[in-house]
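Below: one structure, written as structure tokens.
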Amino acid sequence: MTAENLSNLIGFLIALNIFIGVFNLIPLLPFDGGHVAIAVYEKVREVASGSGKRYIADITRMIPVAYGVVTVLAVVGLLAMYLDLTMGVSA
37 MTAENLSNLI GFLIALNIFI GVFNLIPLLP FDGGHVAIAV YEKVREVASG SGKRYIADIT
97 RMIPVAYGVV TVLAVVGLLA MYLDLTMGVS A
């Protein structure tokens, strides 16, 4: 990537950083977007009740979803490593 110009590498790293940041905002619990979604849900319930008491969601009910997301990510990562080792990159 740096054979032609160093700016190609810098552009790639910028794009990679933006992708990781946006991917982290997916509203699933292991990611930051999931924590934001739970906080928004708690605030909406608090305002909707009108009592002024703080509502705390039971996050333990989301543990199976979090395990599922982590499992899918692990399987995709392992499959990517396996395919990279067995097929490699043909130039």
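Numbering-wise (the numbering used here), the sequence shown opens with residue 37 and increments by one.
Think of the CB as a built atom: it goes at the ideal place given N, C-alpha and C, for glycine as much as any other residue.
Next item on the list: Whole angstroms is fine: what's the gap from V80's alpha carbon to D94's?
Entry: For the purposes of this step, residue 80 is taken as residue 44 along the sequence shown, with counting starting at 1. For the purposes of this step, residue 94 is taken as residue 58 along the sequence shown, with counting starting at 1. Distance between the alpha carbons of V80 and D94 is about 15 Å.
Is it buried or exposed for G88, if we count other Cβ within 10 angstroms and need 16 for buried?
-> Translated into the one-based positions of the sequence shown, residue 88 becomes position 52. Under this definition G88 is an exposed residue.
Candidates L65, A73, G69 and L109, of which the one nearest P100 by Cα: Counting from one through the sequence shown, the residue named residue 100 turns up at place 64. Between P100 and the set L65, A73, G69 and L109, the nearest pair of CA atoms involves L65.
Once you ignore the five residues that flank R90 on each side, which residues in its own chain have a CB closer than 7 Å to its CB?
For the purposes of this step, residue 90 is taken as residue 54 along the sequence shown, with counting starting at 1. Closer than 7 Å at the Cβ level, and outside the excluded window around R90, lie E82.
- Query: Leaving out the 5 sequence neighbours to the left and right, which residues in its chain are closer than 7 Å to A128 when beta-carbon positions are compared?
  - Reply: In the structure displayed, the chain extends from 37 to 127; residue 128 sits before or after that span and is not available.
### Task
Can you say whether G104 is buried or exposed, counting buried as having 16 or more other CB atoms within 10 angstroms of its CB?
Taking the sequence shown and counting its residues from 1, one reaches residue 104 at position 68. Answer is exposed; the Cβ neighbour count stays below 16.
- Query: Near M98, which residues of its chain fall below 8 Å by C-beta distance, leaving aside the five closest residues on each side in sequence?
  - Reply: For the purposes of this step, residue 98 is taken as the residue at position 62 of the sequence shown. Annotation for M98: L65, G70 and I74 place their beta carbon closer than 8 Å to its own, counting only its chain and skipping 5 residues before and after.
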